[in-house]
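J.: So in our numbering, spot 162 of the sequence shown is number 144, and the numbers just go up one at a time. Here a beta-carbon is modelled for each residue, glycine too, at the ideal position from N, C-alpha and C.
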Amino acid sequence: MPPNVYLGGWRVPDWVVWYASYGTEGLSGPELRQRRTLNVISVLIPISGSSYAGLYLLVDAQGLWPAAVAVSLFSLFLFWPKIAARNEFAAMFYGAGVAITVQTSLVLLLGPDSGLHLFFLSIPVISVICFGTERVWLLLGLATICAAIMAFAEISLSGPAAFIQVDDSFLRLLQISAFVLVTGFVTLGVYVGFLHADIAERSLEAEYARSEELLYSLLPREIAGRLKADPNKTIADSLSNVAIIFADIANFTPMSAKLDPKEVVTLLNNVFTEFDNLADRHQLEKIKTIGDAYMVAAGMPNACADPAHRAAEMALDMLDVTLAASTVVPEGFEIRIGLHVGPVVAGVIGNRKLFYDVWGETVNIASRMESHGAPGRVLVTGATRAQLGDGFAFERRGEIEVKGIGLVETSWLVGRQERR
């Protein structure tokens, strides 16, 4: 059973929904919309033709039966969806052929005073609505044929066929109905064209907005703006005072082995999402996550006066977030955090999957602070402690050997210092 479809509060009958959906399997986007429109039109045209046939027979069955027979041939459009489902190119020729043949016959029978030749204006319009604008030369050819027949009717035909006897008043009625219906067809075609253009423009704007948000989720807004302004320019900045935080979940590998994969991903997502919120609150720039490791920086891409203070505040808040999140894990978990302040180089690397990264000795030392740290604690360097001053409480750990650097003075950041 097809799903219920409502139009202006009115429930569309199931058979109409089924017929409109015939041959649409595997189609999407404009192709799906065009095929559904074709299916609907393939019913409306025979209904219109039957109405005209009934009118002709009602007015003068003996004199107008040839016109009634001719207009009844519009029922051939009932086969249009089946042909389109097999070959769209053949369906285009079939529809145009039936329409031109039947309409030409009617014009020859009833003459130009009936106004029926005006219906040739609707044939290219319907073709565009049902098949799109890709086949430009075919559409131009179809429009040329229709225009030529209209010109022939106006120039060469003077009235109905000799064996057709019809009152002028009836011809005037046909002419008025032709004006109304053709105007309706053309208006509908223009409306549909502008509607599709509007939908496409709105979709393009939405896609652009999504791509912008995706770009800004990968790169800082300032960096993204510079990259868009000059995509070929290398972005590399030297920053003299940046605070780097590295955080890593202690004993994550054995802990994750005891959890369901979905639980592991959910846990990391919840924790890192809270870290992201903290970064926004304290105005730090998230650099990356690698597995269960999280890296964030203060003082970049725009320099600030207090990068160490911002980073220290976030580091302490990260401990609180982790403590709250650890209650969902039976064994609980803690993070190690390392923090160092100093000069760095930052920039964008690659032209696919763009990545804003940071390099330098400061980064290496911050990473070593994390690896030399302890679960549930924040290890900072002497340089960081000096910048933080009296606003925070520390416990001296002493000097530790850092590979490639030598001895580095370190302290535990234990909390905020109460002001007296």
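(1) With distance defined between alpha-carbon atoms, name the residue in Val384, Arg15 and Ile131 nearest to Phe101.
(2) From Met300 to Ala356, what does the alpha carbon distance come to, in whole angstroms?
(3) Mind checking Gly388: buried by the 16 CB within 10 Å criterion, or exposed?
(4) For the beta strand (DSSP E) containing His322, list its first residue and its last residue.
(5) Any heavy atom of the ligand FMN within a distance shorter than 8 Å of the CB on Asp288?
(6) Is Thr344 near Gly371, with beta carbons less than 9 Å apart?
(7) Are the segment 22 to 30 and the segment 136 to 144 touching by the rule of at least three beta carbon pairs closer than 8 Å?
(8) Any idea what DSSP makes of Val396, helix, strand or coil?
(9) Name the one or two DSSP bridge partners that Gly388 has.
(10) For Arg367, count neighbouring Cβ atoms within 10 angstroms of its own Cβ and tell me buried if that reaches 16, exposed if not.
(11) When you compare the segment 114 to 132 with the segment 180 to 196, are there three or more beta-carbon pairs, one atom per stretch, that lie closer than 8 Å?
(12) Just to confirm, is the Cβ distance from Tyr76 to Val53 under 9 Å?
(13) In whole angstroms, what is the alpha-carbon distance linking Val310 and Ser3?
(14) Rounding to the nearest angstrom, what Cα-Cα distance links Gly166 and Val148 in this structure?
(15) Let me know if Asn233 comes out buried or exposed under the rule of 16 or more other beta-carbons within 10 Å of its beta-carbon.
(16) Return the chain-ordered list of same chain residues with a C-beta closer than 8 Å to the C-beta of Arg208, the five sequence neighbours on each side being excluded.
(17) As an exercise, report each continuous alpha helix (DSSP H) stretch of at least 4 residues that is fully enclosed by the segment 84 to 154, in chain order.
(18) Under 8 Å Cβ to Cβ from Leu14, same chain only, skipping five residues before and after it: list those, please.
(19) In the DSSP output, which residue or residues are listed as bridge partners for Leu221?
(20) Mind checking Ile226: buried by the 16 CB within 10 Å criterion, or exposed?
(21) Is it buried or exposed, Arg18, if we count other Cβ atoms within 10 angstroms and call 16 or more buried?
(22) If distances are taken between C-alpha atoms only, which option among His264, Ala280, Arg263 and Val253 comes closest to Thr271?
(23) For Gln62, does the count of other Cβ atoms within 10 angstroms reach 16, so buried, or fall short, so exposed?
(24) Ends of the alpha helix (DSSP H) at Lys210?
(25) So what does DSSP say about Thr216, is it helix, strand or coil?
(26) Determine, using beta carbons only, whether Gly93 and Ala43 come nearer to each other than 9 Å.
(27) Looking at Pro289 and Asn346, is the spacing between their C-beta atoms short of 9 Å?
(28) Hey, how far is the Cα of Phe152 from the Cα of Ser32?
(29) Ordered along the chain, which non-local residues of its own chain (more than five positions away) have a Cβ less than 8 Å from that of Thr115?
(30) Pick helix, strand or coil for Pro357, following the three-state DSSP scheme.
(31) Among Ile82, Val174 and Arg318, which one has its Cα closest to the Cα of Phe56?
(32) Span of the beta strand (DSSP E) holding Phe337?
(33) Would DSSP call Thr6 helix, strand or coil?
(34) Spatial neighbours of Arg402 within its chain, please: CB distance less than 7 Å, with the 5 preceding and 5 following residues excluded, ordered by chain position.
(35) According to the neighbour-count rule (16 or more other Cβ atoms, all chains shown, within 10 Å of its Cβ), is Glu295 buried or exposed?
(36) Threshold first: 4 residues or longer. Then list the alpha helix (DSSP H) segments lying entirely within the segment 236 to 300, N to C.
T.: So, from the data block:
(1) What you label residue 101 is simply residue 119 of the sequence shown in a count that begins at 1. When each option's Cα is compared against that of Phe101, the closest is Ile131.
(2) Translated into the one-based positions of the sequence shown, residue 300 becomes position 318. Translated into the one-based positions of the sequence shown, residue 356 becomes position 374. Going from the Cα of Met300 to the Cα of Ala356 covers about 14 Å.
(3) Counted from its first residue, the sequence shown places residue 388 at position 406. With fewer than 16 other Cβ atoms within 10 Å, it is exposed.
(4) Position 340 of the sequence shown holds residue 322. His322 -> beta strand (DSSP E) spans Ile317 to Ile331.
(5) Looking at this structure, you won't find the ligand FMN or any other ligand, since it has none at all.
(6) Within the sequence shown, the letter at position 362 stands for residue 344. Within the sequence shown, the letter at position 389 stands for residue 371. In this structure, Gly371 does not lie closer than 9 Å to Thr344 by Cβ.
(7) no
(8) The sequence position of residue 396 within the sequence shown is 414, counting from 1. It is a strand residue.
(9) As a working note, residue 388 is residue 406 in the sequence shown. Answer is Val384.
(10) Within the sequence shown, residue 367 is the residue found at index 385, counting from 1. With 16 or more Cβ atoms within 10 Å of its Cβ, Arg367 is classed as buried.
(11) no
(12) Counting from 1 along the sequence shown, the entry for residue 76 is found at position 94. Counting from 1 along the sequence shown, the entry for residue 53 is found at position 71. No, the pair does not count as a contact, with Cβ atoms beyond the cut-off.
(13) Position 328 of the sequence shown holds residue 310. Position 21 of the sequence shown holds residue 3. Those two C-alpha atoms are separated by around 49 Å.
(14) Taking the first residue of the sequence shown as position 1, residue 166 is located at position 184. Taking the first residue of the sequence shown as position 1, residue 148 is located at position 166. Gly166 and Val148: Cα-Cα distance of roughly 26 Å.
(15) Translated into positions along the sequence shown, residue 233 becomes position 251. It is exposed - the Cβ of Asn233 has fewer than 16 other Cβ atoms within 10 Å.
(16) What you label residue 208 is simply residue 226 of the sequence shown in a count that begins at 1. Excluding positions up to five away in sequence, the list reads Lys215 and Ile217.
(17) 104 to 113 and 118 to 138
(18) As a position in the sequence shown, residue 14 is number 32, starting the count at 1. Excluding sequence neighbours, Leu14 sits near Thr6.
(19) Taking the first residue of the sequence shown as 1, we reach residue 221 at position 239. DSSP, once it has assigned bridges, lists Val326 as partnering Leu221.
(20) Indexing the sequence shown from 1 puts residue 226 at position 244. Classification for Ile226: buried.
(21) In the sequence shown, the residue the question calls residue 18 occupies position 36. Label assigned to Arg18: buried.
(22) As a first step, residue 271 must be located in the sequence shown, where it is residue number 289. Ranking His264, Ala280, Arg263 and Val253 by Cα distance to Thr271 puts Val253 first.
(23) For this step, residue 62 is matched to residue 80 along the sequence shown. Sequence inspection shows Trp at residue 62; the Gln mentioned does not correspond to that position. Classification for Trp62: buried.
(24) On the sequence shown, residue 210 is found 228 positions in, with the first residue counted as 1. Element bounds for Lys210: Arg203 to Ala211.
(25) The sequence position of residue 216 within the sequence shown is 234, counting from 1. Here Thr216 sits in coil by DSSP.
(26) Taking the sequence shown and counting its residues from 1, the one referred to as residue 93 is at position 111. Taking the sequence shown and counting its residues from 1, the one referred to as residue 43 is at position 61. Against a cut-off of 9 Å, the Cβ pair of Ala43 and Gly93 comes out as no contact.
(27) Taking the sequence shown and counting its residues from 1, one reaches residue 346 at position 364. Taking the sequence shown and counting its residues from 1, one reaches residue 289 at position 307. Result no, Cβ atoms of Asn346 and Pro289 do not sit closer than 9 Å.
(28) Working through the sequence shown from its first residue, we reach residue 152 at position 170. Working through the sequence shown from its first residue, we reach residue 32 at position 50. In a straight line, the C-alpha of Phe152 is about 18 Å away from that of Ser32.
(29) As a working mapping, residue 115 is identified with position 133 in the sequence shown. Only Leu121 meet the Cβ criterion.
(30) Stepping through the sequence shown from its first residue, residue 357 is reached at position 375. DSSP places Pro357 in coil when its eight states are reduced to three.
(31) On the sequence shown, residue 56 is found 74 positions in, with the first residue counted as 1. Cα-wise, what sits closest to Phe56 is Ile82.
(32) For the purposes of this step, residue 337 is identified with residue 355 of the sequence shown, where counting begins at 1. Segment Phe337 to Trp341, the beta strand (DSSP E) holding Phe337.
(33) Here residue 6 is taken as the residue at index 24 of the sequence shown, counted from 1. It is coil, neither helix nor strand.
(34) If you number the sequence shown from 1, residue 402 lands on position 420. Since pLDDT at Arg402 reaches only 46, below the 50 mark, its modelled position is unreliable, and the value read off the structure follows with that caveat. Counting only Cβ-Cβ distances below 7 Å, and skipping sequence neighbours, we find nothing.
(35) Sequence index remark: in the sequence shown, residue 295 carries index 313 (1-based). When all chains shown are included, Glu295 counts as buried.
(36) 243 to 264
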